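Asker: Residue numbers (our numbering): 34 to 150.
1) State the Cα-Cα distance for the pair residue 38 and residue 115, rounded to the nearest angstrom.
2) Could you tell me the alpha carbon to alpha carbon distance between residue 151 and residue 66, rounded to whole angstroms?
3) Any contact between the region 116-124 and the region 92-104? By contact I mean 3 or more CB pairs, one from each, below 8 Å.
4) Closer than 7 Å by C-beta to residue 132: which residues in its own chain qualify, once you throw out the five before and the five after it? Chain order, please.
5) At which residue ranges does the region 49-73 contain complete alpha helix (DSSP H) runs of 4 or more residues, listed in the order of the chain?
6) Suppose you measure from the CA of residue 87 to the CA of residue 122; what does that come to, to the nearest Å?
7) Below 7 Å between beta carbons: does that hold for residue 42 and residue 48?
8) Who are the Cβ neighbours of residue 135 in its own chain at under 6 Å, not counting the five residues just before and after it?
9) Rounded to a whole number of angstroms, what is the C-alpha to C-alpha distance between residue 46 and residue 54?
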């Protein structure tokens, strides 16, 4: 199988195909740290003991990931609630996801949808 050739990063270093340059990793870590400083903690975002009990009950009813069929570990808000309490507690806005689907594809989709706004 043919391999892609290395690419030149913006900093000028040659980087193997499919990997990120150290400067890109550093920029990503700095961006994440800036975002996390501004983000409220989980309880301030509504994730309390009441949420934990509702989440557990939902996952007992819907134990498999809606995307891949693996055991679900996360109750995802289909439409991000962004602090809207009504949307947060609307069970028709909930879906069971495995950690992999929630942390990967779903987060990328949300980032793409917010970049366009």
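Where a beta carbon is used, it is the ideal one built from N, C-alpha and C, also for glycine.
None of these values were measured; they are calculated from a predicted model.
Answerer: Taking the structure as given:
1) Along the chain shown, one-based indexing puts residue 38 at 5. Along the chain shown, one-based indexing puts residue 115 at 82. Residue 38 and residue 115: Cα-Cα distance of roughly 42 Å.
2) Past the edges of the chain, shown from 34 to 150, lies residue 151, and the structure says nothing about it.
3) no
4) For the purposes of this step, residue 132 is identified with residue 99 of the chain shown, where counting begins at 1. 106, 107.
5) 55-71
6) The count along the chain shown starts at 1 and reaches residue 87 at position 54. The count along the chain shown starts at 1 and reaches residue 122 at position 89. So the two alpha carbons sit approximately 9 Å from each other.
7) Residue 42 sits at position 9 when you count from the first residue of the chain shown. Residue 48 sits at position 15 when you count from the first residue of the chain shown. Yes.
8) The residue you call residue 135 lines up with position 102 of the chain shown. 107, 109, listed in sequence order.
9) Numbered from its first residue, the chain shown carries residue 46 at position 13. Numbered from its first residue, the chain shown carries residue 54 at position 21. Each residue's Cα considered, the two are about 8 Å apart.
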